[in-house]
Amino acid sequence: MKDLKTENPASASLPKPETSRCCSSGEALLRPSLVPMELESSELAADQKARDNWGNSLEFLMSCIALSVGLGNVWRFPFTALENGGGAFLIPYLIVLFVVGKPIYYMEMLLGQFSSRGIVQVFDFAPLMRGVGYAQLLALGVLATYYASVMALTLRYFFDSFASELPWSNCRPEWGNGCVSASGDQVLQGQLSGNFSSSTQLYLQRVVLNETDSLEHGIGYPSGSLTLMLGISWLTVTLIIIRGVKSSGKAAYVLALFPYVVMFILLVRALTLPGAYDGVMYFLTPQWGKLLEPEVWYNAVTQVFFSLAVCFGVIIMYSSYNRFGHNVYRDANIVTTLDTFTSLLSGVIIFGILGNLAHESGTKDIASVVKAGPGLAFISYPDAIAKFKFLPQVFSLLFFAMLFMLGVGSNVGMVSCIMTVLKDQLVNLKLWIIVVCLSLIGFLVGLIYITPGGQYIITLMDFHGVTFVSLVSAIFELFAVGWIYGTKRLCRDAEYMLNIKTSYYYRICWSIVTPLVMVIILIYSLLTMRPLSYNGQEFPLSYRVFGWCVSGFIIGQLFYWAFYANCKQPKGSLKCRISNSIKPHSDWGPLDPKKLMDYQMFLRHKDEKDSRDINRRCVCHTAGDRIFG
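Residue numbers (our numbering): -12 to 616.
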């Protein structure tokens, strides 16, 4: 590796940085951007290469909507709300949205647009924390592969909906006794006992998934029909991102708007069904006692966190393709508000349909017709649609087309984020080669999830490869931005780029409230952790060990890259090397050399103003200055 001055021709026009040295905390605070750091030669080449941009600002907004408004809004939010207080759940949900969701969303938009860097290179602001980017990248890879398998299921049901009679609407002779026809038009197969299943549930388990009862004999072989659907899913994603943001930006209009067209059609249909009013009121009726339960607040945080797709790096990647100065403050507010509206809209639709399902079943207990999780999309919904007397195939086609579009919108963002990191590193490799290779790898890995034991593996990887590690990496990301890089510095970046002052609301959330909430959530999840299970069965020891190895490998990126950054520093004491490795690279800032020079002069002016008051500061004053200065 070579010194930055010999590698980057733009550096000749920049103010000459100070010699890297171990300095006092006060000096580090004053001139964090002017300390030279070594960069990988591939990273330098990537920075020098012109970066693609969105065709217009609306493409960026639509892409963010398509990413954040996904499957979690349709099937996860309504039942999370139901199980945690109904209408009362909206109180912790909205509170968490304002102290976790909105601040992180705006923060990541700022970082991406300001630096024009992807999920890994954005941590040039604190190289010691680069492992956060790699951890999020690996978690995103796990999520993208099993997300595509859910898209394959929606495609299977979409094509099944073309049949003259919905194939899950009636029982089959081979299913034996205990089957209840979803359409209600079929004579019961024998006498029902306490354990009975609807035809929609048996169709999913025995026909579509061919699900195994346990993992004792392995996971089995992939389903032929689902393999074809998985291939179509990955082909769709590939065609959308084959030219980067130039193609995905155009597709974002359809991916973002089409689901809303279907939602409003389903809303009208749902609210005109008999019993719909009871279902909606069941959804919205508050259970105030639930607000005192920690589990409710935990679920509110996880719902907001994963619904908005924060701390996965995709928002940083999308905003990195913006023109410098684009109003991300406005876009962050639009997307977070729309995400909440969509969750509420889907809740009304779902419980309107389930209210009708309860009405048709002759019961007032709507909870008895509810099956949460994946069962909502592939059991409860199809069950309700099978009872429609007028063109159930049309509503089934619309519903599963909407689900597929939601899945594509989210998966395009995930794969694009991984693609951006590889493209930034492999600048001479053609983009289409990277996209095709990623899709092939994703397809091959996804075959595991469409085996008879695939749902077990999804459950295992969702927790160990996504949920748990994402909470850990989110805490490190918030600490890196709020306290290593500094809230004050981030607010100055926002002031330089957007010409707006950051409010105390964002400053307090970035520095104190949001990291504290995430730490509490992580501690709570560790204290209440139970052995992982699926369908009431605990995973065998070998699978649990494998799951924790996956978690350990991903979280281990945090420590490996911190050690790597420390070792790359000039010889000196450990304190000195750590001090230098938490300072931004000398070219941290806008990608354009002229803007970078202007930005560094802007910081120098601010620092000189601060230096006049530094002798009068106590420790508390200095800490407060990092937040409110």
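Note that the Cβ used here is the ideal one computed from N, Cα and C, for glycine as well.
Check                                                                                                                           : Outcome
Length of the line joining the Cα atoms of F546 and G118                                                                        : 7 Å
Cβ contact check for the region 318 to 328 and the region 43 to 52: 3 or more pairs under 8 Å                                   : yes
Buried versus exposed, by CB contacts within 10 Å (16 or more), M588                                                            : exposed
Segment limits, alpha helix (DSSP H) that includes Q412                                                                         : 379 to 412
Three-state class that DSSP yields for S156 in the structure shown                                                              : coil
Limits of the alpha helix (DSSP H) - the one that D480 falls within                                                             : 474 to 485
Segment contact, 8 Å Cβ cut-off, at least three pairs: the region 415 to 432 with the region 210 to 222                         : yes
Straight-line Cα distance separating F450 from V459                                                                             : 12 Å
Reduced DSSP category for C166 - H, G, I as helix; E, B as strand; rest coil                                                    : strand
Own chain partners of S464 with C-beta closer than 8 Å, once the 5 adjacent residues on each side are dropped                   : The sequence shown places Glu at residue 464, not Ser. Result list for E464: M116, V119, Q123, C298, in chain order.
Reduced DSSP secondary structure (H/G/I, E/B, other) of E464                                                                    : helix
Alpha helix (DSSP H) segment containing D617, residue limits                                                                    : No statement about residue 617 is possible, as the shown extent of the chain runs from -12 to 616 and does not include it.
Enclosing alpha helix (DSSP H) for A552 [first to last residue]                                                                 : 528 to 554
Complete runs of the alpha helix (DSSP H) confined to the region 233 to 301 [at least 4 residues]                               : 263 to 271, 281 to 294
Proximity below 7 Å, CB of P79 to CB of V283                                                                                    : yes
G177 (DSSP reduced to helix, strand or coil)                                                                                    : Unreliable placement is indicated for G177, whose pLDDT of 45 sits below 50; the coordinate value is still reported in the next sentence. In the structure shown, G177 sits in coil (DSSP, three-state: anything other than H, G, I, E or B).
Which listed residue (F455, L54, G469) has its alpha carbon closest to that of T329                                             : L54
Neighbourhood of R310 by C-beta, 7 Å cutoff - its chain only, sequence neighbours within 5 removed                              : N40
Under the three-state DSSP convention, the category E203 falls into                                                             : coil
S573, DSSP secondary structure in three states                                                                                  : coil
Selected residue, minimal CA-CA separation from V267, among G339, I227, C536                                                    : G339
Per-residue DSSP class, three states only, for G73                                                                              : strand
Three-state class that DSSP yields for Y492 in the structure shown                                                              : helix
Residues of its chain near R230, where Cβ-Cβ distance is below 8 Å and the 5 sequence neighbours each way are ignored           : L418, W419
Per DSSP, the bridge partner or partners of E525                                                                                : S520
For P502 and Y134, the rounded distance between their alpha carbons                                                             : 28 Å
Contacts around D370, its chain only, beta-carbon distance under 7 Å, and the 5 residues preceding and following it disregarded : A169, S185, T187, L344
Exposed unless 16 or more other CB atoms sit within 10 angstroms - verdict on F270                                              : buried
Beta-carbon proximity of G342 to P65, cut-off 7 Å                                                                               : no
Of the listed residues K410, Y264, P281, nearest to K351 (C-alpha basis)                                                        : Y264
At least three beta-carbon pairs within less than 8 Å, the region 438 to 447 to the region 191 to 209                           : yes
C-alpha distance - V137 paired with E70, whole-angstrom precision                                                               : 23 Å
Status (buried if at least 16 other CB within 10 Å, exposed otherwise) for Q544                                                 : buried
Close Cβ partners of A131 (< 8 Å) along its chain, the five nearest in sequence each way excluded                               : N398, M401, V402, I405, G429
Assumed close pair T289, L84 - CB separation to whole angstroms, cut-off 8 Å                                                    : The Cβ separation is near 13 Å, so there is no contact.
Minimum C-alpha distance to V422 - residue among L81, S235, I542, L561                                                          : S235
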